[in-house]
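Notes for the one structure printed next.
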Amino acid sequence: MPLKDGEWKDPAALVGEVVLLYTALDHQLNLMTIEVIHLAASPMLESVVATLDARQKIEMLKSRADHVRQADWKKALKTQADRLERVAKVRNAVCHTPVVSRKGGGFEFAPTAATKLLISMTVRSKEDYRVDRINLTRLREAIELAKRPYGAVRTF
């Protein structure tokens, strides 16, 4: 995959953008986790919370959202947790699968590991099967979803 070719730059740029956006969202998630769980202030608290897996922090956020009395805050926390979960899923998929070009043009992320391939496969019969892959359109949708908490509208 030579990056000198113009057509390969778009997928690489989109992966970089979703990684940077998710890093910012993860920092925001750290601060939200500290506030929602009511952790006492400590000099290294944010660093300790940052070592937790994002899935764990999202689950903590979801479970604590059920205990929030204000309906607006409860809905906002659950919505944010859902968005973070969806962006994280796409981010993890595109970071750990190679980009391949499609026959009809364009690119998609295709799993190479047998377990991931079997998970993404839907088999109806010997001749009728389908493998779900992430294309650049879905990646762009995840980027727009990641930008919503910040109110960003344009791409730099």
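Numbering (my numbering), first residue to last: 55 to 210. Positions of the beta carbon are idealized from the N, C-alpha and C atoms, including for glycine.
Please list, in chain order, all residues of the same chain as residue i whose beta carbon is under 8 angstroms from its beta carbon, the five residues on each side excluded.
{"i": "Leu199", "result": "Arg137, Arg140, Val141"}
{"i": "Ala108", "result": "Asp80, Leu83, Leu138, Ala142"}
{"i": "Ile88", "result": "Leu99, Glu100, Val103"}
{"i": "Lys132", "result": "Lys116, Ala119"}
Please report the residue range of the alpha helix (DSSP H) in which residue i lies.
{"i": "Glu71", "result": "60 to 91"}
{"i": "Arg202", "result": "Careful: Arg202 lies outside any alpha helix (DSSP H) and carries neither H nor E."}
Taking 8 angstroms as the threshold (C-beta atoms), are residue j and residue i in contact?
{"i": "Arg194", "j": "Leu68", "result": "yes"}
{"i": "Val72", "j": "Ile197", "result": "yes"}
Starting from the C-beta of residue i, find all residues in its chain whose C-beta is less than 7 angstroms away, skip the five residues before and the five after it, and write them out in chain order.
{"i": "Lys128", "result": "Ala119, Val122"}
{"i": "Ala147", "result": "Phe163, Ile188"}
For residue i, collect the residues of the same chain with a Cβ closer than 6 angstroms to its Cβ; drop the 5 residues on either side in sequence, then sort them by chain order.
{"i": "Pro97", "result": "none"}
Task: Cβ pair count under 8 angstroms reaching 3, the segment 148 to 163 against the segment 108 to 118 - done: Contact fails: fewer than three Cβ-Cβ distances are below 8 angstroms.
Open item on the list: With three or more C-beta pairs closer than 8 angstroms as the rule, is the segment 133 to 144 touching the segment 76 to 94?
Closed with: yes
Task: Unbroken stretches of the alpha helix (DSSP H), 4 residues or longer, contained in the segment 100 to 167 - done: 108 to 119, 125 to 149
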